[in-house]
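See structure below.
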Amino acid sequence: MALRKAARPRSASGTLETFPRGSILNELRESMAETEASFRRAQTSLGGPRLQAASPVSLRSFSEEAREESSWLPEWLVKELLKGQQRSHSIGLLENILERESFWHRIDSANSLRKGKIEQQVTLEHLQKLNTAFQSDEQIEKLFMKIDCAATGRIQWDEFCTYMQLEYAEQDVSSARLKEPTFSLPAEIVEHSPGEPVVRICSLFDNTLVMTQEDGVISFWSPQLKLKRSKMVFEKPGNKKSKRATNFTIMTHYNKLILGTGDREIQLYEMSNFEPYCQISGLEAIPLKLDYCCTDPDECMILYGDDQGCVNILLLSSVGELLRTWKKLPKAENLPSVSIENAVLSPNVTYIRWKVHGDWVTQLHYYDSIKAVISTSNHEPTALVIGCTVGATNVEQQMKKIKDRGKDSKARKGQVIPRISPKRAEGDQTVFQVYKGVKTFAFCKKTNLIVTGGMDRIIRMWNPYMSGRPTGMLRSHTAPVCYLSIAAEDAKIFSISTDNTIKIWDIVDQTCLFTACSKTSGIKGELTACHYIPGTRSLCVAEDTLALLHLRLRPPPEPHLIMSHKEPILCCKYNKEFRHVVSCSEGSVVKVWDFETGKHLFEFSGAHGGAAITCLTFDVSGRRLITGGRDGCLKVWNYNNGHCLNTLKREDKCAEVCDCTYVEVNRSRYIIAVGWDRRISMYFDSVDDLHHFQKPQPYWHDDLSCGHKEDILCISQCPPTLLATSSYDGEIIVWNMISGHIYCKLHTSFPTHCAGIEAVDTSITQLIFLKTRAVKFESTAASLISNGPQGSVNFWSPFSGIPLTASFIPSRVKSHISSIAVTADDSFIYAADDDGYVYVYSIKDYALQDPEQEPPKYVNHWRAHINIVVSVEVVDEEKVLLSSSIDCTVRLWSLDGEYIGTFGQAEPWEIFTPASWKHPRVPYEILINPQSMPIHPMLEGESPVLQPINTEPSNVTLENSLSKHEMSYNPKLPQVTIPDLDIKEEINQRSYAQAVGKRLKQEHYKKINRPLVPGGQSTYHIINSCEVVIAPPICKKPDLSVLGTDYFYEESLGEE
């Protein structure tokens, strides 16, 4: 059997083709005797002794094993094993080589082995052999159907790999889109006091920012970067070099600010007025990084890292008394001063100095939650060290320390600062070695995570108790990382590099969620200090100016408001092959839902770039999705992994696609689209077509000569040959798909109640065939349904002399019908309007013979949405109704109107278990909407609303009695009477003043969803008003004696 030559598979952007092939095992077995004979001939030839060791390996042993194992081994594996066996032989003679090459040429004539590439074909049976990894055969069958989107019955390995890769890639993108953290860009830029750069930024409990510059300027800022107060704390010396601030921290419990200077000093200032309090001078090295922690009610800890790589710790007890004592000491440079040697003599001071790093300390912080101090440096062997504060923890080292002190008979009472700083014991610290050291770090006890960044531009994630290797590495920065912060409440990491690039990372997924470069954020200059404010969720950056970036997270959804999409939904359909619901939004996002539970399964965005998706349909197999958008393109998808298989578009222009359908005519399959180009575009659908971009077939002659003159808005098919299209001007054309000729034209007539109204929307956006009637070609029965002007539904009979058989208005408020669906047996019609109501009518015996004057039998109605319903679909197998609306929701209902649920809700439902449905509850937004109130019977009547007010009394007796007697005060107020015709005319003018033109439907969407624009006259300002006569403030008492009885007069007589 000759093998068909396979086409080269395309990339992930196009279709991956498959072709049926016969098995090559039979050909291998038939050629086995001839192959072995060739080996025997090789043994008797000149090169035989050399081949004697190789030839017995042969194919005989492999053929026997192949016969036994071929029942379960896939063909591709057998071929690969066979190729490995044949490669082990070496034939010396030319004739044997040629003979072997001819043998392989016969076997591999169709390039079956593909030169070692794993591109072999797999059948469903082969894939079912891997069912041990799956829970059931149904799962693996569904997986095979998802990959085999062309329904050929075979898939290739590249198709399998492409499917899995794209599926997981889209899942990552979808997960990142749901988190969606961003900063409000550009940043708020504020000029600060000119001078030296900011060395550090801290925040207080009320989110007030405290900043210190190198020249000693301390300033307080509001969370909105409004300057509260500032002061220069360093005195300007005459001839001496000015002091430099290196770092600061806040003594919150004692309202003090601790400042480190380049003169090896630690100075304390009052927070309230920035007045100097005291200082500790004569430090061993320059304090570069400071920190403070309150350990007990009257005990605290001051820590600082210096330029010698040491971690210095001052343990203070009786802090209040100790500070007051220091404040009384003699002043040095207008500041009470105590040297470090004298300070440690106090029993309330304990000084500890550890030699930790081989380079200066880049960052230091004490965490009371783990009772340890973390310090970093640029020294690779000691890049990050987590250590204790008070010294050795084992008994042997403590006893050795006591003995050493006992030998020193001249030891003074108190503490002595050692000349050489000791190192911690190995058990007292954990050392992390990082390439090129660490410039910055952040620690979170909640997530048990340490993140480090430095000169190598890599952010490393560490477990504090495992220093061997990081748990994750985040690579994206192109410059050294200079600041890190962890937001535990949001599970985010914020990082900034020296090129002013800001990034947000997800802790769980270890992925970059957001990036803002210097040009985007507006932050320019040399970065000197950063600080993340958890209270306001904002990031403050200090450079030449101050910049504030507010974190903009996705707001948590309200528990009673459930949204399926973030944007208005424009189309939705049910897929019975996979039992999925696919919905598309105005934001070009396609979402896949589980029909039986309502769970979100998959989504992919940017399907049509930034253009909205206006329509969708499925192919005959239900495995491929076809979408049309406002960009004028049709796209064919494997929607289970977001793989675009084909793009269908015209070359000359890209007019909006309004509707599409999939048809099969004479064993040929087509995708038909209509839209603003006013033509019927047919695209041939073939599995063998390797072109990713396709052009439409030539247009029908009748379509070019006498087709639609306006934009085509809807299309509907009725197998085997009928096709109906409707346009903006209200024209319906029924086509013969085989010949391309027009069968008939139908024109929408104005309802009787629309007479005299100028602006009437005559567009037809919904068409549906009653297929049980249309296939019979009955001349009198109505077989086509469409919506019409002013909320009407029209029944058409294309095969009779009177096309319009019936017309009625389902909506009680005469709202426009936006979507129509019928049951499979054409017994019930479900009509949804622009107000979100769904109306059910029985049409089983309706419009079968003569034209109908009355509406069909009313069954039920309910409100499904609070806005325009764009699609309704009856799922007859499960007896449910699927509805979607531009209010961003997709909902499921029973055919009786029982609320099952909204796709995207937290609690899944079981479609076969009514107890899991939301019924008898209704959606919250429908419950609180004023239009959901029942209609009063008076409002349903045809009589004017003001008639009860303006109607004259019918009681003749009362009229006569009032005519005989006149009241002493009877001002004649003008009666306001407005006819109903004037009211309707004004309402119609108001409705269509904003949406006149070809984009009526789209403009209506925009009108509903447009943001509020301040300024200008609103509808309230232009309402017509009538003047009312102002009654006099003082009036006389009415004379009731004319009625025969004066109650006031009788009461006065009774009192007398």
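Per this note's numbering, residue 1 is the first one in the sequence shown, and the count goes up by one each step. We put the CB at the ideal spot given by N, CA and C, even for glycine.
When C-beta atoms of the region 436-449 are compared with those of the region 480-489, three or more pairs fall below 8 Å, so the two segments count as touching. In this structure, residue 533 places its C-beta atom within 8 Å of the C-beta atom of residue 207.
Residue range 701-706 is occupied by the alpha helix (DSSP H) that includes residue 701. Contact between the region 288-299 and the region 250-266 is established, with three or more Cβ pairs separated by less than 8 Å. For residue 353, the three-state secondary structure derived from DSSP is strand. Residue 518: member of the alpha helix (DSSP H) spanning 518-521, first to last residue.
Only residues of its own chain outside the window of five on either side were considered, and among them 581, 873, 875 and 882 have a CB closer than 6 Å to the CB of residue 574, listed in chain order. Residue range 771-774 is occupied by the alpha helix (DSSP H) that includes residue 773. DSSP lists no bridge partner for residue 654. Short of 6 Å from the beta carbon of residue 366, and not among the five residues preceding or following it, lie these beta carbons of its own chain, in chain order: 291, 293, 303 and 373. Distance from the CA of residue 609 to the CA of residue 650, rounded to the nearest whole angstrom, comes to 17 Å. It is roughly 23 Å from the alpha-carbon of residue 809 to the alpha-carbon of residue 926.
Taking 8 Å as the cut-off, the beta carbon of residue 431 is found no closer than this to the beta carbon of residue 452. Residue 886 is not a Cβ neighbour of residue 900, given a cutoff of 8 Å.
The beta strand (DSSP E) runs lying completely inside the region 284-308 and spanning 3 residues or more are 287-296 and 299-306, given in chain order. One thing to note: residue 765 has its Cβ within 8 Å of the Cβ of residue 714. Selection 590, 219 and 188 evaluated against residue 202 yields 219 as nearest (Cα-Cα).
Residue 914 carries a helical assignment under DSSP once its states are collapsed to helix, strand and coil. The three-state reading of DSSP puts residue 326 in helix, counting H, G and I together. Beta-bridge partners assigned by DSSP to residue 265: 261. Taking a contact to require three or more Cβ pairs closer than 8 Å, the region 309-325 and the region 336-352 qualify as touching. With contacts defined as CB atoms closer than 8 Å, residue 552 and residue 184 qualify as a contacting pair. Within 10 angstroms of the beta-carbon of residue 586 lie 16 or more other beta-carbons, which makes it buried.
Taking C-beta separations shorter than 7 Å and ignoring five residues to either side along the sequence, the partners of residue 671 in its chain run 626, 634, 648, 660, 662, 683 and 685, following chain order. By the Cβ neighbour-count rule, residue 249 is buried, with 16 or more other Cβ atoms within 10 Å of its own.
With contacts defined by Cβ atoms closer than 8 Å, residue 182 and residue 494 do not form a contacting pair. The way I'd put it, the region 831-849 does touch the region 788-801; three or more beta-carbon pairs between them come closer than 8 Å. Under DSSP, residue 466 shares a beta bridge with 463. If you look at residue 645, you'll find it in the beta strand (DSSP E) that goes 643-648.
Scanning 701, 306, 688 and 729 for the CA closest to the CA of residue 676 turns up 729. In this structure, DSSP gives residue 932 a helical state, which the three-state scheme calls helix.
In the structure shown, the three-state DSSP call for residue 161 is helix. Cβ contact annotation for residue 787 (same chain, cutoff 7 Å, sequence separation greater than five): 764, 765, 766, 793, 817 and 820, in chain order.
Secondary structure at residue 156: strand, using DSSP grouped into helix, strand and coil.
Residue range 340-343 is occupied by the alpha helix (DSSP H) that includes residue 341. The three-state reading of DSSP puts residue 502 in strand, counting E and B together.
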